[in-house]
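Every letter in the sequence shown is one number past the one before it in my numbering, and letter 765, counting from 1, is 800. Just so you know, even glycine gets a beta-carbon here, dropped at the ideal spot from N, CA and C.
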Amino acid sequence: MTTTPKDPFSPQEIAAEGIKPEEYAEIVRRLGRHPNKAELGMFGVMWSEHCCYKNSRPLLKQFPTTGPRILVGPGENAGVVDLGEGLRLAFKIESHNHPSAVEPFQGAATGVGGILRDIFTMGARPIALLNSLRFGSLDDPKTQRLFTGVVSGISHYGNCVGVATVGGEVYFDPAYAGNPLVNVMALGLMETPEIVKSGASGIGNPVLYVGSTTGRDGMGGASFASAELTDASMDDRPAVQVGDPFLEKSLIEACLEAFKTGAVVAAQDMGAAGITCSTSEMAAKGGVGIELDLNKIPVRETEMVPYEYLLSESQERMLFVAHKGREQELIDIFHRWGLHAVVAGTVIAEPIVRILFRGKIAAEIPADALAENTPLYERELLAEPPEYARQAWTWTADSLPACTTAGIGSHSWNDILLTLLNTPTIASKNWVYRQYDHQVQNNTVLLPGGADAAVVRLRPLEAIPNLTSPNLKSAVAATVDCNPRYVYLDPYEGAKAVVAEAARNLSCVGAEPLAVTDNLNFGSPEKPIGYWQLAEACRGLAEGCRELATPVTGGNVSLYNETVDSQGNPQPIYPTPVVGMVGLIPDFTKICGQAWQASSDAIYLLGLTVQSKVELGASEYLATIHNTVAGRPPRVNFDLERRVQQVCRDGIRSGWVRSAHDCAEGGLVIALAESSITGNLGAEVQLDISPNQLQRLDEVLFGEAGARIIVSVGSEHQEIWESYLQEHLPQEWQKLGMVGNYGAGLTVLTTDNQTLIAVSMEDMKDRYNHAIAKRLAAHTQS
36 MTTTPKDPFS
46 PQEIAAEGIK
56 PEEYAEIVRR
66 LGRHPNKAEL
76 GMFGVMWSEH
86 CCYKNSRPLL
96 KQFPTTGPRI
106 LVGPGENAGV
116 VDLGEGLRLA
126 FKIESHNHPS
136 AVEPFQGAAT
146 GVGGILRDIF
156 TMGARPIALL
166 NSLRFGSLDD
176 PKTQRLFTGV
186 VSGISHYGNC
196 VGVATVGGEV
206 YFDPAYAGNP
216 LVNVMALGLM
226 ETPEIVKSGA
236 SGIGNPVLYV
246 GSTTGRDGMG
256 GASFASAELT
266 DASMDDRPAV
276 QVGDPFLEKS
286 LIEACLEAFK
296 TGAVVAAQDM
306 GAAGITCSTS
316 EMAAKGGVGI
326 ELDLNKIPVR
336 ETEMVPYEYL
346 LSESQERMLF
356 VAHKGREQEL
366 IDIFHRWGLH
376 AVVAGTVIAE
386 PIVRILFRGK
396 IAAEIPADAL
406 AENTPLYERE
416 LLAEPPEYAR
426 QAWTWTADSL
436 PACTTAGIGS
446 HSWNDILLTL
456 LNTPTIASKN
466 WVYRQYDHQV
476 QNNTVLLPGG
486 ADAAVVRLRP
496 LEAIPNLTSP
506 NLKSAVAATV
516 DCNPRYVYLD
526 PYEGAKAVVA
536 EAARNLSCVG
546 AEPLAVTDNL
556 NFGSPEKPIG
566 YWQLAEACRG
576 LAEGCRELAT
586 PVTGGNVSLY
596 NETVDSQGNP
606 QPIYPTPVVG
616 MVGLIPDFTK
626 ICGQAWQASS
636 DAIYLLGLTV
646 QSKVELGASE
656 YLATIHNTVA
666 GRPPRVNFDL
676 ERRVQQVCRD
686 GIRSGWVRSA
696 HDCAEGGLVI
706 ALAESSITGN
716 LGAEVQLDIS
726 PNQLQRLDEV
736 LFGEAGARII
746 VSVGSEHQEI
756 WESYLQEHLP
766 QEWQKLGMVG
776 NYGAGLTVLT
786 TDNQTLIAVS
796 MEDMKDRYNH
806 AIAKRLAAHT
816 QS
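The following block contains the structure:
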């Protein structure tokens with residue numbers, strides 16, 4: 036009689052690795068035996084949502100991923116696009132949400148380090164960083180601690196490693212009170228003739244471990260990133276890595292030098308899941324196996340066991356496959372840069388990951404089972420939108436007090452404008468970006484806070500092969516964008532709006548949108564509402580990217596962004612699909628920012644005109660002034676988006692348009708105020724409305740809609756500009772008014788010259804420029 040071997044692990048031990056009972060049964064079936072502790076840990080991290088996307092991969096298949104400029108799409112460390120003239124750009128966005136929630140400084144710092152490694156692993160030199168951040172209310176002391184810690188961590192790592200942080204976005208909303216979001220995007224310019232891939236090949240080729248030492252920091256970080264946050268999460272601080280930006284700088288130089296020798300077959304960053312992830316992914320992608328000896332790995336701590344080696348997420352480490360016989364050549368390069376480099380393994384024919392420790396096999400698992408053939412969950416979608424959404428959609432502006440030229444209720448239009456400018460989500464983020472070195476490498480063309488997108492010059496370097504022009508003027512523009520309130524209220528329409536606004540941001544600096552990397556931050560997909568939000572947002576992103584011809588080259592999925600409150604109830608974040616988009620600028624001398632440039636320039640509205648019906652649903656005005664999150668986000672008109680953005684780009688490149696600014700959060704008047712503040716020039720506009728129209732004044736002033744851009748044009752170009760508009764955008768533009776004098780304020784009039792808004796520059800600047808600093812100072816003083 037035969038007996039089944041006793042399960043060596045309790046249900047609690049299995050659950051602690053993030054493995055479900057049915058997944059454990061599948062592991063036993065695949066192995067034909069029970070796993071040992073090290074193997075259980077390997078499956079735990081590799082079958083986590085963070086590594087295998089088991090809930091999201093079926094949804095990601097609908098994204099467009101190919102196009103004439105796409106050189107590398109999803110599946111590698113970063114996407115790569117062809118910029119022409121021999122230039123190739125690598126770019127990627129990733130999250131470090133849960134680590135930043137429990138240890139904000141190191142969580143954010145190592146998020147920067149990790150995304151930089153994704154870039155230079157491809158053979159690209161990092162040239163720029165952006166970040167997309169979400170926090171709770173800035174009046175909350177806990178939020179202030181998280182906010183200041185995250186910003187410090189980002190600035191520390193980026194500044195020390197010498198990569199410019201050139202742009203980003205920061206939102207504040209109670210929905211993120213217990214679970215901040217820290218998404219970091221990086222761009223790099225390819226320096227190697229061939230793009231470095233991660234698939235191992237060449238039986239008998241040596242496997243090199245290079246970079247820093249391995250310790251116990253970051254243990255199980257991938258599993259930690261795939262679980263809900265609770266009060267006990269503070270005990271998971273070992274799951275937060277500790278980074279060394281100075282060592283990473285050496286690693287960048289050593290890796291790029293090594294790649295240029297031609298001795299490297301494949302390379303993989305040791306990010307989430309460390310040695311486990313790098314060995315299994317390299318083996319699976321190459322259809323081969325890897326045998327690795329843990330006793331060869333340089334360590335910083337004593338008495339480490341295989342489980343700790345395999346799950347450590349110590350930073351600044353890489354795994355290479357080298358051509359046999361050339362390993363010493365690579366080792367010498369890394370030693371010269373003061374880094375470790377050892378032959379720790381071999382490529383083998385059998386498609387397994389075999390881990391040796393003290394002369395014995397510590398783990399042996401089919402590579403495909405860890406990295407490719409992982410669990411997939413295709414969940415059932417709700418038959419109809421959830422109750423919260425259907426209820427929100429019933430809201431109408433009829434529930435608000437009536438508007439007059441003086442204001443609404445007890446609020447004057449002046450007061451409302453100043454209140455919105457003082458809202459941390461809208462207000463200047465100068466407190467943040469002044470801590471970042473945004474000019475290191477001397478290629479930043481437009482500085483943070485002055486434009487809708489960052490612009491970085493693609494200065495030709497001797498290190499870049501295959502350049503076809505010695506006097507390049509091209510630049511790359513980049514933006515990160517997401518209005519999470521839109522996506523919460525209608526994930527499908529909201530996600531389309533995210534793509535449209537990201538493209539609009541690029542068009543406002545004169546860039547042609549090229550491609551997307553996305554970071555999908557959501558709650559639990561195991562809950563019907565959470566999965567509905569994720570599925571509908573993916574559908575919207577896919578449609579938006581197809582409509583605007585911006586394929587997705589890769590990205591990151593961060594689920595289970597929920598905080599369990601003191602009563603044990605999960606509190607999910609707003610669904611937040613952040614889009615990072617890059618665009619090409621043929622000539623960086625023909626760009627513009629959002630600031631007015633000269634008095635007497637004419638101000639135009641492109642797109643939906645003042646007479647168009649613009650809703651207040653999902654707006655910042657409704658949330659801030661009326662404390663209401665309801666309605667539907669603006670619906671995207673892609674035909675109008677394409678035409679408005681093309682006209683804006685053409686106007687900038689022709690030298691007619693001197694400033695351009697997207698109408699986003701806060702609507703038309705906030706966009707006008709921001710252009711005035713950043714240019715230190717006032718404006719007087721006359722809106723083609725009259726108080727006896729059916730249209731509400733707050734909809735005109737603060738309603739939000741897509742396909743709207745405010746531009747200013749010099750007097751010498753107004754005639755040709757208006758002629759161009761009549762030809763290409765005949766019904767969708769208006770001349771609003773004129774730029775005013777230096778330091779003047781903002782005046783908004785009706786058709787019959789009644790004053791709606793008259794606010795001084797001093798008052799606008801005070802609210803807009805100091806909103807964040809004043810809140811932090813008030814907390815410090817208290």
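Within 10 angstroms of its Cβ, does residue 433 collect 16 or more other Cβ (buried), or is it exposed?
-> exposed
Using the beta-carbon count (16 or more within 10 Å), is residue 23 buried or exposed?
-> Residue 23 is absent from the model: the chain starts at 36 and stops at 817.
Once you ignore the five residues that flank residue 272 on each side, which residues in its own chain have a CB closer than 8 Å to its CB?
-> Residue confidence is low: residue 272 scores 42 on pLDDT, short of 50, so the model does not pin down where it sits. No coordinate-derived value is stated.
Contact between the region 240-250 and the region 161-181 (3+ Cβ pairs under 8 Å) | no
Would you kindly check if the distance between the Cβ of residue 209 and the Cβ of residue 167 is under 9 Å?
-> no
Is it the case that the Cβ atoms of residue 222 and residue 164 are separated by a distance below 9 Å?
-> yes
Looking only at C-alpha atoms, which of 141, 787, 53 sits nearest to residue 819?
-> No information on residue 819 is available, as it lies outside the stretch 36 to 817 that the chain covers here.
Bridge-paired residues (DSSP) for residue 363 | Answer is none; residue 363 lacks a bridge partner.
Going along the chain, which residues of its own chain have a beta-carbon closer than 8 Å to the beta-carbon of residue 287, five neighbours each way excluded?
-> 151, 155, 160, 161, 196
Consult DSSP for residue 380 and reduce its assignment to one of helix, strand or coil.
-> strand
What does a CB cutoff of less than 6 Å around residue 326 pick up in its chain, not counting 5 residues either side in sequence?
-> 380, 381, 383, 389
Extent of the continuous alpha helix (DSSP H) to which residue 454 belongs = 448-456
For residue 276, does the three-state DSSP call read helix, strand or coil?
-> coil
Drop a sphere of 10 angstroms on the beta-carbon of residue 813, count the other beta-carbons inside from all chains shown, and report buried for 16 or more, exposed for fewer.
-> exposed
For residue 438: DSSP bridge partner residues | 443
Measure from the alpha carbon of residue 615 to the alpha carbon of each residue in 440, 56, 513, then state which is nearest.
-> 513
Run through DSSP, which three-state label would residue 257 get?
-> Note that residue 257 scores a pLDDT of 45, beneath 50, so its modelled location is shaky and nothing firm can be said.
Is the beta carbon of residue 402 less than 9 Å from the beta carbon of residue 314?
-> yes
Give, in chain order, every unbroken run of the alpha helix (DSSP H) that is at least 4 residues long and sits entirely within the region 46-91.
-> 46-51, 56-66, 72-81, 84-87
Determine the extent of the beta strand (DSSP E) in which residue 619 is found, giving its start and end residues.
-> 611-620
Helix, strand or coil: how does DSSP classify residue 518 here?
-> coil
Would you tell me roughly how many angstroms separate the C-alpha atoms of residue 84 and residue 786, rounded to the nearest one?
-> 56 Å
Measure the CB-CB distance between residue 299 and residue 355 and report whether it falls below 9 Å.
-> yes
Could you tell me the distance, in whole angstroms, from the CA atom of residue 473 to the CA atom of residue 491?
-> 10 Å
Best match in 378, 122, 219 for proximity to residue 613 [C-alpha to C-alpha] | 219
Sub-9 Å separation of residue 694 and residue 714 beta-carbons = yes
Which residues in the same chain have their Cβ closer than 6 Å to the Cβ of residue 743, if we skip the five residues on either side of it in sequence?
-> 642, 643, 698
Which partner residues does residue 768 have in the DSSP bridge list?
-> 641
So what does residue 550 bridge to, in DSSP terms?
-> 617
Report yes if the C-beta distance between residue 747 and residue 692 is below 9 Å; otherwise report no.
-> yes
Just the C-alpha distance for residue 621 and residue 686, rounded to the nearest angstrom, thanks.
-> 14 Å
Between the Cα of residue 129 and the Cα atoms of 548, 538, 678, 112, which residue gives the shortest distance?
-> 112
Under a Cβ-count criterion, where at least 16 other Cβ atoms within 10 Å of its own Cβ denotes burial, should residue 57 be classed as buried or exposed?
-> exposed
Same chain, Cβ closer than 7 Å to residue 230, five either side skipped, listed in chain order | 106, 107, 115, 157, 158
Limits of the alpha helix (DSSP H) - the one that residue 762 falls within | 753-763
Residue 788: which of 799, 772, 68 sits nearest, CA to CA?
-> 772
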